[in-house]
Amino acid sequence: MLVRRGLGRAQRFVPPVRSFHSTPVPRRTTAYDLLDTRTFSIIAHIDHGKSTLADRLLELTGTIPRDSSNKQVLDKLKVERERGITVKSQAVSMVYRDPAQPRPTLLNLIDTPGHVDFAYEVRRSLSVCQSALLVVDATQGIQAQTISVFKIAQQCGLVVLPVLNKTDLPAADTPSCLAQLRDILGIDTDAQPPLLVSAKTGQGVPEVLQALVARTPALPGVDGVSLEQRQPPGLRALVFDSWYDNYRGVIALVSITDGAVKKGDTIVSYHRGKKYEVLDLGVNNPEPVSTPILRKGQVGWLITTMKDTEEASIGDTFFRHGERVEPLPGFRPALPTVFAGIFPTDKSEFLKLEDAIQRLCINDRSITLQKESMTALGQGYRLGFLGTLHLDVFRQRLEDEYGHEILVTTPTVPFRITYRDGTQVLCSNPVDFPDESIRKTHIAQLEEPTVIGSLVCPEDYTGAMMELCAEHRGEQLDIDFSASATAAAQVHMQYRLPLAEIVTDFFDKLKSRSSGFASFDYEDGDYVPSDLVKMQFLVAGTPVDALELVLHRSKASLVGRAFVRRLKDAIPRQQFEIKIQACVGSKVLASETLSAYRKDVTAGLYGGHYERKLKHLNKQKEGKKRLKAMSLGKVQLPHKSFMEILDTRAQRSS
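Encoded structure:
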């Protein structure tokens, strides 16, 4: 059974990623005591200019100096800068002075990820916002993840301000984008005209700030109320993120919904009932800056006497000790959808890898982990992720930040098994999946998770995309066409797909067959009955547990043949021949034979009778028989072979 990690006390350290300033600039210190407060987020499809727009907003408000080097200021992680994506949500406070407003405004910006794997981060961040800037690339139009994040914003009850970015480019098609906003998202572009901007040059960005102040509703009891009147007796602070700093301990990111909190206060966790003293608090500007107090409407960080990140429960409510308050509505934690085993390439390095994994997991609460041991790979961990990109980012961070060479097994999804006695269990490890013999006698039903996928592509690629979804056992639910007088039609298709079909090569094939023009996003669906089988791979008659797979019966022969061929190429030749087989139960679906090295034992014979050569050949044959008998079941697969076989990138190309 999967369990959430318990990392014990705060002896585990992570590299410092943020610095703290106790003496901020005086202008900024007084600027936080404002009457008007707005909390908003920027949401968009990946690569539509979300982080670039955030950079321009920070420059225009004077939060950071105008500098050509300002690129992805809020993307702190190395992997975010290398890939050009946002992985972790970031919060920053900035002061905006609108000429049309009598007072300055405090803007709290929550920068969110754009990829589907990090939808949990998006939902968590939007829960503390009042509005959202929906950024759409004017050269690409609405994409799959645009639809996804828009729906999340609607579910959170936010005011959505559409923004068309990159309108200065020759390829920009504003009329087509306006039509898509109306037809696909249902936005009344006449009553709510989208803002036209170029985040790269800053064109139109001042109007974005003005629209934020004008259209974003203030929290009740905040806008236009004096500071003395804005402090009701009850403090309520919603925890929506936390991380660990090796010098300051556990840091909780909170949104102050009611009341105020200051240094020295004693606060209580509503769900855990534990008391903590506030040691320090402040806001991000964009670096962490200490402030004397956090008031209603502000988003900031708290450092308390908390010693374990598990105590900073996401969605918890902090209140002042001695007061009685109603908890704020929280949100469900994300459940992992993709599982993979992580093992060290050198078995003696397990303890170092364990420490590295636990350090990273401190700052990513959505990952689940469980110790795992395999005959072929030794000790390791089985981790649960929110998607394949989430897994790949974690792998890269593990290698970049801690310098560990690791081996990642083939990603799997959680299957649901219903036994004849009515018991239901989730199985995310192929090793634990029941064999065919057990299935016939003890299993009532096998089910696999599905997703409801949204696919957006130009009309010319409709056939190729429908064919791709059919190959991956997809069921079409809906299809819509959106066209304008100046651009080709965009097709929006909705499919139900098995989750197992999209965690390996689906996205690569999607981009390849659509020449990069299609986009895909999905949300969780239901479990559906499925004809699932467990495939084992035998090397010299011995099963290799690290290579076991669970897949649909219709794909078994094709996958078995591909894996057997890769195994044959990856395993070093021996002095005897090795049989490699892919089996489902007792049935062999694919087989290859790795030929033995051959030594010419007759090379030293210069003439002589034929029986003399035959004697040497028979002696060699008997020797190989004895060697094979002694080595049966002991064929050692080097870690390099496993890396070639299990590399998901290699699987996608095969």
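This note's numbering applies: residue -11 is where the sequence shown begins, and numbers increase by one.
Think of the CB as a built atom: it goes at the ideal place given N, C-alpha and C, for glycine as much as any other residue.
Exercise. Under 8 angstroms, do Ile31 and Val137 count as touching if we go by C-beta distance?
Worked result: yes
Problem set entry | Ala464 versus Gly441: straight-line alpha-carbon distance, rounded | The residue you asked about is not Ala; residue 464 is Gln in the sequence shown. So the alpha carbons of these two residues sit roughly 10 angstroms apart.
Problem set entry | Short Cβ contact (8 angstroms threshold) for Leu183 with Val151 | yes
Problem set entry | Nearest candidate by alpha-carbon position, reference Glu337, set Gly366, Gly329, Gln358 | Gly366
Exercise. Terminal residues of the continuous beta strand (DSSP E) containing Gly270?
Worked result: 263 to 272
Exercise. If we ignore side chains and look at the alpha-carbon of each, how far apart do Lys250 and Ala240 end up?
Worked result: 14 angstroms
For this session: Specify, as a first and last residue, the run of the alpha helix (DSSP H) that Cys457 falls within.
Result: 450 to 459
Problem set entry | Rounded separation between Val238 and Glu435 - CA only | 40 angstroms
Problem set entry | Counterpart residues of Leu434 in DSSP-defined beta bridges | Ile405
For this session: Pick helix, strand or coil for Asn606, following the three-state DSSP scheme.
Result: helix
For this session: Whole angstroms is fine: what's the gap from Pro399's alpha carbon to Arg541's?
Result: 18 angstroms
Exercise. Going straight from the alpha carbon of Arg283 to that of Ile330, what length do you get?
Worked result: 44 angstroms
Exercise. When the Cβ atoms of the stretch 338 to 345 are set against those of the stretch 378 to 398, are three or more pairs found closer than 8 angstroms?
Worked result: yes
For this session: Determine the contact status of Gln355 and Phe327, defining contact as a CB-CB distance below 8 angstroms.
Result: This sequence places Ile at residue 355; Gln is not what is there. Not in contact: Ile355 and Phe327 (Cβ atoms no closer than 8 angstroms).
Problem set entry | Cutoff 6 angstroms; reference Ser583; Cβ partners in own chain excluding five residues on either side | Glu565
Problem set entry | Residue nearest to Ser518 in terms of C-alpha spacing, selected from Leu487, Thr492, Trp231, Leu267 | Leu487
Exercise. Is the CB-CB distance between Val721 and Leu46 below 8 angstroms?
Worked result: Nothing about residue 721 can be reported from this structure: the residues present for the chain run from -11 to 642 only.
Exercise. If we count the other Cβ atoms within 10 Å of its Cβ and call it buried at 16 or more, is Ser361 buried or exposed?
Worked result: exposed
For this session: Within its chain, find whatever has a CB closer than 6 angstroms to the CB of Asp509; leave out the 5 residues flanking it on each side and keep chain order.
Result: Val104, Ala132, Gln133, Ser136, Ser442
For this session: Report the residue from Phe421, His430, Leu395 whose alpha carbon sits nearest the alpha carbon of Thr411.
Result: His430
For this session: Return the chain-ordered list of same chain residues with a C-beta closer than 6 angstroms to the C-beta of Glu424, the five sequence neighbours on each side being excluded.
Result: Gly573
Exercise. If we count Cβ pairs, one from each stretch, closer than 8 angstroms, do we get three or more for the stretch 251 to 261 versus the stretch 294 to 311?
Worked result: yes
Problem set entry | Range of the contiguous beta strand (DSSP E) that encloses Cys571 | 566 to 572
Exercise. Thinking just about the alpha-carbon of each residue, which of Gly288, Leu166, Lys262, Val148 is nearest to the one in Asn272?
Worked result: Gly288
For this session: Could you have a look at Asp43 and say whether DSSP puts it in helix, strand or coil?
Result: helix
Exercise. So who's on the other strand from Ile34, going by DSSP bridges?
Worked result: Paired residues: none, contrary to the question.
Exercise. Nearest to Gly529 by alpha carbon, out of Lys567, Ala159, Val266?
Worked result: Lys567
Problem set entry | C-alpha gap between Leu605 and Thr581, whole angstroms | 21 angstroms
For this session: State the Cα-Cα distance for the pair Leu95 and Thr27, rounded to the nearest angstrom.
Result: 6 angstroms
For this session: Pick helix, strand or coil for Arg484, following the three-state DSSP scheme.
Result: strand
Problem set entry | Among Asp86, Pro101, Thr100, nearest to Ala202 - alpha-carbon criterion | Asp86
Exercise. At what residue ranges does the stretch 221 to 255 contain a whole run of the beta strand (DSSP E), taking only runs of 3 or more?
Worked result: 224 to 233, 237 to 246, 248 to 250
Exercise. Tell me, which residues are paired with Glu360 by DSSP?
Worked result: Gly368
Exercise. Are the beta-carbon atoms belonging to Arg484 and Thr438 less than 8 angstroms from one another?
Worked result: yes
Exercise. With C-beta atoms as the reference, is Ile350 less than 8 angstroms away from Tyr232?
Worked result: yes
Exercise. Would you call the CB atoms of Lys497 and Leu537 closer than 8 angstroms?
Worked result: no
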